[in-house]
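Right, one structure below, let's go through it.
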Ligand code: PGA
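Numbering (the working numbering), first residue to last: 135 to 382.
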């Protein structure tokens, strides 16, 4: 069985000095410092992560990437090959906060997925429904539509992250039954489109914490976790990584 992947998503948090102590604690913790664990940091700190993680098992990840793949006149943008050059192995694409606050749509996300793959990184493509959509019984339709974007990188290596928007940063976690059902559906859709041979991990994200990680990560349909708030604090993150390790 493939190891479960735990990615911390720091979002727009972190400062150089505080990062040093948090990252050092991660390096010193055998549950965290192993294959299948990584941190997605803001752009300014990627070099710091790459330097501190050098020679360790921890992966560096970015939270976003430009839709423009080639160097040029795109002020403020960071292209995929720059991220790869910095040592990023993973990059989040289409996080719900990007879709919500920055209007990222299907056309833009297709380009981001393609750019990430072309640069040799593994995109972590995020999908998920709002509370309104779930309550209207539109989960399968909404997430199914979001998954179609993956056609842009059919046959390539990628990871999917299922994050119900209503469970992100709210402390409101989806039930184990809801998570399992959503993951089954996503796996089924991905296999339908990309062939039964596709080996695909679907991470769960949305208020994953020390106290719910065991139950979530022990589901066979869950390939790992995308952890926001709890990745900013060593104890909770260590416990989540321990839960993932237990499934090995
Ligand atoms: P959360 O965030 O764990 O703070 O809910 C998850 C995410 O948005 O990736």
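C-beta: ideal position from N, C-alpha, C; glycine also.
Given the structure is predicted, the values throughout are model-derived calculations rather than measurements.
Answer yes or no: do residue i and residue j have a C-beta to C-beta separation smaller than 9 Å?
i: residue 293; j: residue 281; result: no
i: residue 343; j: residue 302; result: no
i: residue 235; j: residue 296; result: no
i: residue 378; j: residue 354; result: no
i: residue 183; j: residue 221; result: yes
i: residue 307; j: residue 333; result: no
i: residue 421; j: residue 263; result: Here the chain covers residues 135 to 382 and nothing more, so residue 421 does not appear.
i: residue 191; j: residue 167; result: yes
i: residue 320; j: residue 261; result: yes
i: residue 145; j: residue 238; result: no
i: residue 245; j: residue 274; result: no
i: residue 299; j: residue 143; result: no
i: residue 213; j: residue 185; result: no
Please report the straight-line C-alpha distance between residue i and residue j, rounded to a whole angstrom.
i: residue 336; j: residue 215; result: 25 Å
i: residue 141; j: residue 207; result: 32 Å
i: residue 381; j: residue 209; result: 44 Å
i: residue 383; j: residue 270; result: No answer is possible for residue 383: the residues shown for the chain start at 135 and end at 382.
i: residue 367; j: residue 348; result: 18 Å
i: residue 287; j: residue 376; result: 32 Å
i: residue 284; j: residue 159; result: 36 Å
i: residue 365; j: residue 172; result: 10 Å
i: residue 350; j: residue 205; result: 41 Å
i: residue 352; j: residue 290; result: 27 Å
i: residue 187; j: residue 181; result: 10 Å
i: residue 346; j: residue 309; result: 10 Å
i: residue 326; j: residue 305; result: 33 Å
Answer with buried or exposed for residue i, where buried requires no fewer than 16 other C-beta atoms within 10 angstroms of its C-beta.
i: residue 195; result: buried
i: residue 198; result: buried
i: residue 153; result: buried
i: residue 150; result: exposed
i: residue 369; result: exposed
i: residue 323; result: buried
i: residue 175; result: buried
i: residue 363; result: buried
i: residue 249; result: buried
i: residue 148; result: buried
i: residue 247; result: buried
i: residue 193; result: buried
i: residue 170; result: buried
i: residue 243; result: buried
i: residue 178; result: exposed
i: residue 155; result: exposed
i: residue 316; result: buried
Measure how close the beta-carbons of residue i and residue j come, nearest whole angstrom, since I'm counting them as under 8 Å.
i: residue 225; j: residue 217; result: 6 Å
i: residue 255; j: residue 223; result: 6 Å
i: residue 163; j: residue 372; result: 5 Å
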